[in-house]
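In our numbering, the protein residues as written are 147 to 322.
Written out as structure tokens, the structure reads:
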């Protein structure tokens, strides 16, 4: 059904377009800043080179991929979403305008899709199975009861996951 609606493809294309736009804009503004600083200092500024590397968009891309995949996976099945987003991320990493490493993008997708599935009852197969077993034992709960507990928990775990990804891939440079 999702394939016929092309919802997953639409989300992937729009996410890639947003990332590409943000990365190219940030790279241009950073290069302008670096040229201006280098001229005023009359030397190549090492700090500016580091700033350019960080601001090229990896941080923004990690955040966007993480949250788009988390929110989408809370509403639709995370397996087809992840399968449709992998080629989008591979294309982004190979795009010369964006020039992003693939490893952090895949980790952001995996973490967002995994944790996002906990946001709603239909977000992950395990949630549906658990609800069925609970119902058989007389402990049924509704979609909204699960949502009231699951969605805030998803937000918190995604925040922790996002901080971890930013710390490791931006702070520590684990991009290889």
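Glycine included, every Cβ here is placed at the ideal spot set by N, Cα and C. The structure displayed is predicted, hence computed values, not measured ones.
The three-state secondary structure of residue 206, taken from DSSP, is helix. By the neighbour-count criterion, in which 16 or more other beta carbons inside 10 Å mark a residue as buried, residue 315 falls on the buried side. Residue 318 sits exposed, since fewer than 16 C-beta atoms from the chains shown fall within 10 Å of its C-beta. Distance from residue 269 to residue 224 at the Cβ level is roughly 7 Å; contact confirmed, criterion being Cβ atoms closer than 8 Å. If you draw a straight line from the Cα of residue 226 to the Cα of residue 285, it comes to about 30 Å.
In the structure shown, residue 297 adopts helical secondary structure according to DSSP, grouped into three states. Residue nearest to residue 308 within the set 237, 260 and 230 is 260 (criterion: CA-CA distance). Nearest to residue 212 by alpha-carbon distance, out of 304, 278, 159 and 156, is 304. Around the beta carbon of residue 207, 16 or more other beta carbons lie within 10 angstroms, which makes this residue buried.
Between residue 242 and residue 276, the alpha-carbon positions lie close to 45 Å from each other.
According to the DSSP assignment, residue 228 belongs to the alpha helix (DSSP H) that extends over 224-240.
Residue 161 and residue 210 have their C-alpha atoms spaced approximately 8 Å apart.
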